[in-house]
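Numbering (the UniProt record's numbering), first residue to last: 1 to 325. A short worksheet on the structure shown next.
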Amino acid sequence: MDGNAPDPRYWEKMRLVAEVLKAVEGPIYIATHVDPDGDAIGSSLGLYRALKALGKEAYWVAEPPRFLRFLPKEEEYSDPVDKLPVGATLVALDSAEPSRVVGVPVEGFVINIDHHGTNPRFGHIAVVDPSKAATAQMVKDLIDLLGVEWTAEIATPVLTGILTDTGNFRFANTTPEVLRVAAELVGYGVKLAELTDRLQFRPPSYFRLMGQVLSTVAFHFGGLLVTAHLPEDAKREEEDSDDFVGLIRYVEGSVVSVFLRKREEGVKVSIRSRGGVSAQNIAVKLGGGGHVPAAGATLKDVDLDRAYELVLEAVAEELRRAGYL
């Protein structure tokens, strides 16, 4: 089966998830992936609030990046745990593989809800549908099936996940279905203009950092690939720096953009693509995964110079496959 194909049993599985969650009497832990983005935080926080509205003993284990910390309330945070209590249920959201789930061990009864085609379908129930624009879109379906009364408080993080993963409806995953779902969520009281404005807020240090990152921009393969990296001396201000791959992706004539940043465990690589080029293929070659237009990997135990060499090799192979070289 094509890992990027829609799940033909999507609604059957989602109904099963809803029935299981409604029947659960023990604690439900909701977790997402390391370095969470808007979809990870939005989908997990939205489901957490829906389960609390059902009267469930739910715990939201996540650490939002700075630009998303306006969404949760202080009392909604739960500390990471090393071991789940007996009888606990884990809902892993937007996590392409078990190793990326952070803050909670992948144990107990595991429900896996995700839209990454590279997801190995782990867990006791796995609902993975890459045709969905965002995991938050899937969570919207789940909350409908749970029968929870929608409020602006539940709808706002869910819409956040959809907005961020569609690039505010600019990306190719913006389908008529996504727009209908978004309109429905706005109808529940989401203040759309305020939300979209707030999602663009960044600290002053971010804009100083932007100048340093842009000074590293380089072009390869006649401009088909644009790259940039976080300078080594700017590591202390790297929070939210993943945004920069979205900035350089708009270089005219490019079909691939790659942003690299050195971390303790290696070099994190963020990839975006268009024009028949698969960011997913590039990421898989580098040991990562993701979507066709957006993917990533972490190159362990390498420096930036070696990371660039590996990235250029992987991109060249994909450009040849797509007929550009």
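Ideal placement from N, C-alpha and C gives every residue a C-beta, glycine not left out.
Between Val284 and Ser273, the CB-CB gap reaches or exceeds 8 Å.
Between Ala126 and Val158 a beta carbon distance of about 21 Å is seen, past the 8 Å cut, so the two are scored as non-contacting. If you look at Asn112, you'll find it in the beta strand (DSSP E) that goes Phe109 to Asp114. The Cβ-Cβ distance between Val106 and Ala92 falls below 8 Å. Shown here for Lys132: same chain residues with a beta carbon closer than 6 Å to its own, the five before and five after excluded, namely His115 and Met138 in chain order. With contacts defined by Cβ atoms closer than 8 Å, Gly289 and Thr298 do not form a contacting pair. Residue pairing from DSSP leaves Gly117 without any beta-bridge partner.
In the DSSP assignment, Gly266 falls within the unbroken beta strand (DSSP E) covering Gly266 to Ser273. The continuous stretches of beta strand (DSSP E) do not include Tyr188, and DSSP gives it neither H nor E.
For the alpha helix (DSSP H) assignment, the uninterrupted runs of no fewer than 4 residues enclosed by the UniProt domain "DDH" (28-162) are, from N- to C-terminal side, 38-53 and 135-146. Contact annotation, Leu185 with Ala155: C-beta distance approximately 4 Å; criterion of less than 8 Å satisfied. Rounded to whole angstroms, the gap between the alpha carbons of Phe207 and Val102 is 29 Å. The closest CA to that of Tyr250, considering only Leu199, Phe219 and Arg263, is found on Phe219. Annotation: Val226 is outside any alpha helix (DSSP H); the continuous beta strand (DSSP E) that includes it extends over Leu225 to His229. Residue pairing of Lys300 in beta bridges, as defined by DSSP: Gly266.
For Phe109, the CB contacts under 6 Å within the same chain, skipping 5 residues up- and downstream, are Thr89 and His124 in chain order.
Nearest to Pro98 by alpha-carbon distance, out of Ile113, Lys52 and Glu25, is Ile113.
Per DSSP, reduced to three states, the secondary structure at Gly289 is strand.
Taking all protein chains in view, the Cβ of Arg306 is surrounded by fewer than 16 other Cβ atoms within 10 Å, so the residue is classified as exposed. Between Tyr29 and Glu75, the alpha-carbon positions lie close to 15 Å from each other.
For Ala218, the enclosing beta strand (DSSP E) has its first and last residue at Ala218 to His220.
In this structure, the beta-carbon distance from Ala31 to Val104 falls below 8 Å.
The beta carbon of Ala314 is closer than 6 Å to those of Ile282, Lys285 and Leu286 in its chain, skipping five residues each way along the sequence.
Lys268 is the residue among Tyr188, Ala295, Lys268 and Pro293 whose C-alpha sits nearest the C-alpha of Asp301. As the crow flies, the alpha-carbon of Arg320 is around 36 Å from that of Gln200. Looking at Gly26, Asp39 and Ala40, the one whose alpha-carbon comes closest to that of Leu84 is Gly26. Under the three-state reduction of DSSP, Val255 is assigned to coil, being neither helix nor strand.
Secondary structure at Arg321: helix, using DSSP grouped into helix, strand and coil. For Val20, the enclosing alpha helix (DSSP H) stretches over residues Tyr10 to Ala23.
Residue state for Leu260 is assigned as strand, using DSSP reduced to three classes. Our two residues, Leu312 and Gly323, have alpha carbons roughly 16 Å apart in a direct line. Under the three-state reduction of DSSP, Ala294 is assigned to strand.
Residue state for Asn4 is assigned as coil, using DSSP reduced to three classes. Of the candidates Gly211, Ala316 and Ser205, Ser205 places its Cα closest to the Cα of Phe67.
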